[in-house]
Every structure is written in C-alpha cells, then in structure tokens.
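Below is one structure, written out as structure tokens; comments come after it.
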C-alpha cells in the first residue's frame, strides 16, 4: 500500500465519568476537522486515535506502547493533545524519534499551543508546533515538508531552523466558520464514542483571569450559521444514528436569540443534548426552553463562593446570581454541574471557606458541585503574573492537569505518574505549568482544611 502523506494522531485517555466508574470517551472533534481540511487539499492522511488503541491496556503511558501505535506511520507525524497529555506526548515522541530519526514531528492542539516556543526551544525532536486553529496551518506545513519548502512562510507556527526556534507571523482567525468542512466522521466508528461534541462557535470573548481559552482565541468568538450547525446535527442523526450530542462551545448562551433558535432546531431533530453556559446569561424562560428542546445537562463555571475573588478573576457576576441560576437550572435539568476553583494566590482563608460553603449549598440544590485546585495556564493572566511562584506536589494537583486523568472520585490527588514523566515535568516547569500550583501564604492550610472537612463528612475529594 502506498505511504500516506501524513499520520495525524489524537492522544488522550478516556475520562473518569460518574460514580459507577464508567469512562467517557470523547470523539476527537478537533482532529476530525483537520482530517477534512487535509483531504480537501488533496493530502492523503492516516488518522489514529490513541485512546482507542490503548483500550484495556494496563500501561497506556508507556513509550513502547506509543511506538507500537505509530507503527508504519507516514514520514510526517502530527500529534494533537490537551495539557494533561503533553508530558507523555513530549517523552514518547522523543523515544520514537531516537528509533525513527527520518520522521518529522509536529505538535498542535490546546496543550502545545500555549507553550509552542518553549517546546521547540527545549525539545530538539519536535520540528514545529502549530498555534490556534489548525485547518489551514497543518495543510501548509504538510505541503511545505513534502516539497522541501520553507516553513517560515507558514503563519501561526513555531519551528526549528539552523538558528534555533523561530516564530512565524500570527495566523488570522477563520472569520467565517461556515467555510470549514464538516469533521471527517466517516474516518472513525462514531458509535464507539460515548460523547459526541459539536461546536457552534469558536472562541470566548470573556477575560476570566485564570483561563487561557480567551487569549488563545484572541478573546473573540466566531459563530457558525444556524443552518450550518443544523446541517451537521442532522448528518449525525440520520447517517450515524446519534441521539445525544454535547454542545462544546465555551458559552452556548452567549447570544440569547441564537441559543433559542438552535434549541428549537435541535428539538425539531429529536436530539438530546448538553452544553456549557454562563450563569449571568441564564433566566427561567431560556432554561425552560432549552430543557423542553431536549437539553438535560448544564455545566456552569462558578469558580468561587467569594464575591471578592469573583471580582478579582473578572467573572462579572456575584455568588448570589450564580446560586439563583443553579437553583433555576436544577428545576428543569436532570443534571447541573457547578464547577469551583480553589488556590487563587489572592484568595484569603475566609474567601476559601466561602467557596466550600457555596459548594455545599449547591449540593442541597441538587447540583453536582466540584472543587478543583487552580492550574496556572501559561497564557492566562494569572499564569503570567504568578509564573515565579510555581509549586509542585503529588497532593496538590488540578483535575485539568492530571496525567492520565484524576483518580475517579477524588478532587486533589493525581493519578500515578511514571517517574520519567514526572522528571520531565520537574525539569521544564515553563512547559508544564498546568501540573503546578501557585505557592502563597495559606495554600497548605487550605489543603488541610479541605482534607479534614471532607473526612468528617465521609466523602472522597
């Protein structure tokens, strides 16, 4: 069989799910967009999903396993991952390159994007890192590598030349998402995945200081037309028999009339769905309309029970507003998830206790409230401001940056990390910031308080 032009790889592991211990397997939406873009440009692409390859494997974070996964890969290998899998990807690709020096290695996705320069400067086996949207970028990288062209003409990347790491000109956002081809669902067995995400818009206009999503997308949201979204949803339902989708927009209810219109269209298709929403853009009429259209679950980022902290992180709502929104949502939705963060460097002990109290109050409102430690993301304002106060501990870890994902049912402890990966994390804190916490007065006191509190209540955190 003729060799492919590029092997595109999605690296993740299944996520811990509900109390019954089931695993959630997310369809690799971003990579399927890339497959469509490559195919549309006439590039022969080989797509592989690591989470499917390691199903049942007791050692998924093993470089040998990853090398077997890449057997017979194309000369160009592009790897996409989240923050949680970045240390494994860096380590495993390094081992792969030792044995296969003629292969070119490209990284992209949310994990590498924010630290592209640091990756190329620190790890000589990585040839280039894409930043942000990859549909046009990856096509141009592959075309340049196939013809021996200069990567310096490709916008939106960091690559290595004879002088070291070089940043190219920033790539403009794709202004009209309707021009992007639908994901290449035909390249996978859709029914093998337990969660089918769909995005109706890209980016987030808000400036929450702990988050790097806004900065990565230039604090702008580019929205698909309702007709375009409905076309994809109908395709999933009619072609693949999908009856439930997850609207993975950072803020589904960003524009109320649009949210109402999409809800009505989904109802017409007979789909069940879930989404992420902002509490200050919710009201009872909208919540009822979404629920009547088949929405049965909402994820709400509340972040703190302290108004002082909420103001400091630019959430633009009060804890009273958040509590009222959760109470309303719980009346209509089968499941409401309220997400909180602790460990802000400006969070007093009183602020922290207010957050714990707010989490408890959400339980009484029939919401599933979780509390996670702050991860300093490299592009976030907090990550930039406090980058010199990084601390590392097995017992202080955010669920966002848990290699191989957190131990199910626990909020703080990290799943076991192989020694070679932990060594990498410790040697390159500027690359793996998400695995650290921010050192500040009171952080250990908060951790002890949380441990004692949950022990008295008989719950696992």
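In our numbering, the protein residues as written are 4 to 464. For each residue, glycine too, the CB sits at the ideal point set by N, CA and C.
Residue nearest to residue i in terms of C-alpha spacing, selected from the options
| i | options | result |
| --- | --- | --- |
| residue 327 | 286, 347, 312 and 359 | 286 |
| residue 430 | 395, 117 and 345 | 395 |
| residue 40 | 99, 136 and 75 | 136 |
| residue 104 | 165, 436 and 70 | 70 |
| residue 261 | 196, 108, 284 and 372 | 284 |
| residue 235 | 272, 213 and 426 | 272 |
| residue 290 | 255, 454, 314 and 448 | 255 |
| residue 331 | 296, 121, 301 and 229 | 301 |
| residue 450 | 239, 55 and 352 | 352 |
| residue 146 | 277, 309, 42 and 30 | 42 |
| residue 26 | 195, 124 and 316 | 195 |
| residue 160 | 184, 133, 185 and 391 | 133 |
| residue 119 | 219, 310 and 54 | 219 |
| residue 45 | 426, 143 and 310 | 143 |
Residue range of the alpha helix (DSSP H) that includes residue i
| i | result |
| --- | --- |
| residue 428 | 422-430 |
| residue 306 | Segment 298-306 is the beta strand (DSSP E) holding residue 306; no alpha helix (DSSP H) there. |
| residue 40 | 32-43 |
| residue 150 | 138-150 |
| residue 234 | 229-243 |
| residue 332 | 322-335 |
| residue 118 | Neither: residue 118 is in no alpha helix (DSSP H) and is coded neither H nor E. |
| residue 345 | Premise fails: residue 345 lies in the beta strand (DSSP E), 338-345, not in any alpha helix (DSSP H). |
| residue 367 | 352-367 |
Per-residue burial, residue i [other beta carbons within 10 Å of its own, 16 or more giving buried]
| i | result |
| --- | --- |
| residue 129 | buried |
| residue 203 | buried |
| residue 16 | buried |
| residue 412 | Residue placement at residue 412 cannot be trusted, given a pLDDT of 43 that sits under 50; what the coordinates show is reported in the next sentence. Classification of residue 412: exposed, given that the 10 Å Cβ count is below 16. |
| residue 357 | buried |
| residue 178 | exposed |
| residue 444 | exposed |
| residue 8 | buried |
| residue 115 | buried |
| residue 230 | exposed |
| residue 277 | buried |
| residue 217 | buried |
| residue 288 | exposed |
| residue 323 | exposed |
| residue 61 | exposed |
Beta-carbon gap between residue i and residue j smaller than 8 Å
| i | j | result |
| --- | --- | --- |
| residue 381 | residue 253 | no |
| residue 359 | residue 341 | no |
| residue 339 | residue 305 | no |
| residue 343 | residue 362 | yes |
| residue 155 | residue 171 | yes |
| residue 28 | residue 247 | no |
| residue 436 | residue 384 | no |
| residue 122 | residue 141 | no |
| residue 73 | residue 48 | no |
| residue 35 | residue 188 | yes |
| residue 102 | residue 139 | no |
| residue 30 | residue 233 | no |
| residue 241 | residue 316 | no |
| residue 336 | residue 294 | yes |
| residue 3 | residue 393 | The question about residue 3 has no answer, for the chain in this structure spans 4 to 464. |
| residue 251 | residue 186 | no |
| residue 56 | residue 190 | no |
Start and end residues, beta strand (DSSP E) containing residue i
| i | result |
| --- | --- |
| residue 376 | 371-376 |
| residue 188 | Taken as a continuous stretch (DSSP letters only), residue 188 belongs to no beta strand (DSSP E), as it is neither H nor E. |
| residue 52 | 48-52 |
| residue 483 | Nothing about residue 483 can be reported from this structure: the residues present for the chain run from 4 to 464 only. |
| residue 96 | Unbroken run through residue 96 is the alpha helix (DSSP H), 89-102; no beta strand (DSSP E). |
Distance between residue j and residue i (C-alpha atoms, nearest Å)
| i | j | result |
| --- | --- | --- |
| residue 221 | residue 206 | 8 Å |
| residue 299 | residue 275 | 7 Å |
| residue 420 | residue 90 | 10 Å |
| residue 108 | residue 334 | 50 Å |
| residue 409 | residue 376 | Confidence at residue 409 is low in this model, with a pLDDT of 41, below 50, so the placement of that residue should be treated as unreliable; the coordinate-derived value is given next. Approximately 12 Å between the Cα atoms of the pair. |
| residue 297 | residue 208 | 27 Å |
| residue 228 | residue 181 | 7 Å |
| residue 350 | residue 308 | 11 Å |
| residue 14 | residue 365 | 34 Å |
| residue 162 | residue 257 | 36 Å |
| residue 414 | residue 38 | Residue placement at residue 414 cannot be trusted, given a pLDDT of 47 that sits under 50; the coordinates are not used to answer. |
| residue 348 | residue 81 | 37 Å |
| residue 400 | residue 245 | 35 Å |
| residue 126 | residue 93 | 8 Å |
| residue 33 | residue 112 | 8 Å |
| residue 434 | residue 124 | 10 Å |
| residue 442 | residue 389 | 9 Å |
| residue 321 | residue 354 | 13 Å |
| residue 226 | residue 266 | 15 Å |
| residue 150 | residue 176 | 26 Å |
| residue 374 | residue 346 | 10 Å |
Below-8 Å beta-carbon distance, residue i vs any chain D residue
| i | result |
| --- | --- |
| residue 12 | No chain D is present in this structure, which holds just one protein chain. |
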